[in-house]
Amino acid sequence: MIAFANVNYFEPWWVQIVKSIVIFAVVFAILPILIVYERKLLGRFQSRYGPNRVGPFGLMQPLAEIVKFAMKEPMRPNTSIAYLFRLAPVISIITAIAALAIIPWGDVQHIFGQRVGLYGIDVSIGPLYVFALAGISFYGIMLGGWASGSKYSFLGSMRGAAQLISYEVSQSLSIVGVLITAQTLSLTGIVHAQRGMWFFIPQLAGFLVFLVASFAETNRAPFDLIEADAELVAGYFTEYGGTPFVAYLFAEYANMIVVSGMAVTIFFGGWLLPFGLNPPGWVDPFVVLAKILLVFTFFVWIRATLPRLRYDQLMSFGWKILLPLATLNLLVTSIVVVS
Amino acid sequence: MTPYDVSEDVIEVVRSPSPGPIAGAYRVFGETLRGLKTTFARIVEGPVTIQYPEEKTPVYPRFRGRHRLNRFEDTGLEKCVGCSLCAAACPADCIRVVAAENTPENRVSAGERYAAVYEINLSRCIFCGYCEVACPFDAITMGHDYELSDYTRSDLIFTKEMLLAEAIERAPLRREGE
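Read top to bottom, the protein sequences are chains A and B.
For what it's worth, the numbering used here labels the leading residue of the first sequence as 1, then goes sequentially.
For what it's worth, the numbering used here labels the leading residue of the second sequence as 340, then goes sequentially.
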């Protein structure tokens with residue numbers, strides 16, 4: 001068994017601070033680009049251009065929008081509960097940022113005579129950390145919708161509660177197969193265990209379940225019943241405007257990065273490259289980023305393709321198909337591993 | 340009053356037979372893949388958007404845009420004789436014509452009289468083209484200009500000079516039958 005996830009951590013405290021700042025800054029610089037990328041790609045999927053007026057190729061669009069949102073007057077419905085209303089988006093974004101810490105962007109490198117791991121932290125509980133934070137981020141949605149004091153928000157957050165709880169089960173179960181095969185919970189350890197073969201080949205069923213459950217966990221189409229703009233105005237953030245709205249938006253996209261990063265780490269070999277390519281260590285983060293972008297592109301592709309599910313379809317799909325499939329996958333994997 | 344019987348209103352919905360495991364799996368994955376292929380084909384095709392201010396939809400030759408008053412090409416005299424038939428034909432009542440007599444020293448039109456005032460209120464005009472049909476001398480015709488927005492309503496009352504002026508062809512022309 002590989003003994004990664006070193007508890008006696010080898011990095012001095014200042015390296016960890018620098019790392020966290022770098023990860024935070026880079027990811028938050030990427031988020032607006034992701035948003036404009038999604039909108040442009042979505043446009044192409046629908047035979048149109050998408051935003052292309054602000055700046056070259058419309059790249060300044062998110063900047064213009066953020067300025068617009070920042071100028072908005074903060075407003076709150078009379079029926080809302082003030083402190084919960086303000087706290088909810090904060091919970092959402094903090095958990096999303098905290099979950100970023102776990103994604104391994106690269107192997108341990110030697111920088112200035114220091115051993116530096118290109119990841120926020122390598123905890124020995126890996127995926128559990130992400131699931132725990134996903135569990136807390138659910139409070140952001142739930143409280144936001146509930147504290148708004150509006151029917152649409154309430155309905156949205158109620159749907160969110162049911163959906164997130166249902167799909168969390170399948171999502172966690174789907175990766176247990178990988179954990180058994182890799183025999184570690186540390187995400188870097190999982191990546192190292194994929195040197196021979198990326199896990200999405202032996203764990204195809206688990207990968208598919210994980211992918212579908214991830215769509216539901218990040219409230220993306222076709223599982224965006226929480227927002228469901230046709231029925232509930234915008235779901236749980238109907239009453240939000242200005243910067244709290246941006247917080248929710250960024251939290252959603254940060255969650256997508258986290259989920260894509262998890263998919264890349266667990267099923268697509270993290271920073272490893274196929275065909276025996278072995279680039280120097282500084283390339284690793286770019287490899288991971290490229291893979292994350294590919295997964296993100298798939299997210300957008302699915303969003304452009306599939307219509308939103310009906311609520312009962314969502315529930316029966318989650319409990320009757322995904323959960324048995326994930327359990328079966330786990331069962332088969334454990335039999336294969338043990339025998 | 341007879342009690343409400345639910346069974347009368349219940350309509351039997353005919354559904355296709357529920358698919359078996361293989362057909363069901365095909366429905367879920369096969370149709371999803373087909374959808375993914377369809378959307379991806381849209382990327383390959385490229386956008387169909389016309390980037391309006393930069394590129395414009397071509398107009399047909401018989402497109403009814405802003406009116407123009409015409410002159411005779413050889414003599415340069417106005418074709419309009421101030422008969423007010425266009426004003427009579429106009430269903431929106433947006434044309435105002437005040438006629439005046441031509442004199443030997445001041446000859447404006449080919450006929451006996453000419454239009455001293457010719458105004459079209461384009462904020463009222465419905466671009467039906469009846470004025471063009473009513474005109475016995477082809478003095479007023481519909482042009483191809485459709486970019487007519489302005490800041491004030493009074494600017495949209497086009498006077499005789501504006502209608503007589505050589506129109507700037509801003510929209511490209513489409514060939515007949517294209």
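Ideal Cβ placement from N, Cα and C applies to all residues, glycine included.
Being a predicted model, the structure only gives us computed values, none of them experimental.
Asked	Found
Using only the alpha-carbon positions, how far apart do B/ASP477 and B/GLU486 sit?	23 angstroms
With distances taken between CB atoms, is the gap from A/GLU168 to A/GLU217 smaller than 8 angstroms?	yes
If you measure from the beta carbon of A/ARG310 to each beta carbon in chain B, is any gap under 8 angstroms?	no
How big is the Cα-Cα spacing for A/ALA234 and A/GLN163?	16 angstroms
Could you spell out the range, first to last residue, of the beta strand (DSSP E) harbouring B/ALA427?	Counting along the chain, B/ALA427 falls outside any beta strand (DSSP E), though it belongs to the alpha helix (DSSP H) covering 424 to 428.
Assign A/LYS40 to buried or exposed, taking buried as 16 or more other Cβ atoms, counted over all protein chains shown, within 10 Å of its Cβ.	buried
Measure the alpha-carbon distance for B/ASP484 versus B/THR491 and round it to whole angstroms.	19 angstroms
What are the residues of the segment 28 to 54 of chain A that lie near chain B, defined by any Cβ-Cβ distance shorter than 9 angstroms?	LEU41, GLY43, ARG44, PHE45, GLN46, SER47, ARG48, TYR49, GLY50 and ASN52
Do B/VAL456 and B/VAL472 have their C-beta atoms within less than 8 angstroms of each other?	no
Excluding sequence positions up to five away, which residues of its chain have a Cβ less than 7 angstroms from the Cβ of A/ILE125?	LEU185
What does B/GLU384 reach in chain A if we use C-beta pairs closer than 8 angstroms?	SER47
Could you name the residues that DSSP lists as bridge partners for B/PHE497?	B/ILE459
I want to see whether chain A comes within less than 8 angstroms of B/ARG446, judged by CB atoms only; does it?	no
Along the chain, which unbroken stretches of the alpha helix (DSSP H) at least 4 residues long are found entirely within the segment 166 to 229 of chain A?	187 to 192 and 204 to 217
DSSP puts A/PRO104 in a beta bridge; with which residues?	A/TYR119
Less than 6 angstroms between C-beta atoms, sequence neighbours within five positions excluded: which residues of the same chain meet that for B/ASN460?	CYS433 and ILE496
Please find out if some non-hydrogen atom of the ligand FMN comes closer than 7 angstroms to the beta-carbon of B/ILE479.	As for the ligand FMN, it is missing from this structure, which has no ligand bound.
Compare the C-beta of A/ALA326 with all C-beta atoms of chain E and state if any pair is closer than 8 angstroms.	The structure shown contains no chain E; the protein chains it does contain are A and B.
Looking at chain B, is there any beta carbon in it that lies within less than 8 angstroms of the beta carbon of A/THR305?	yes
Assuming A/ILE141 is part of the alpha helix (DSSP H), what are its boundary residues?	127 to 147
In the structure shown, what three-state DSSP assignment does A/TYR49 receive?	coil
According to DSSP, what are the bridge partners of B/GLU480?	The question names Glu, but residue 480 of chain B in the sequence shown is Thr. B/ARG407, per the DSSP bridge assignment.
Under a CB-based cut-off of 8 angstroms, is B/ARG463 close to chain A?	no
Measure the alpha-carbon distance for B/GLU394 versus A/ILE226 and round it to whole angstroms.	40 angstroms
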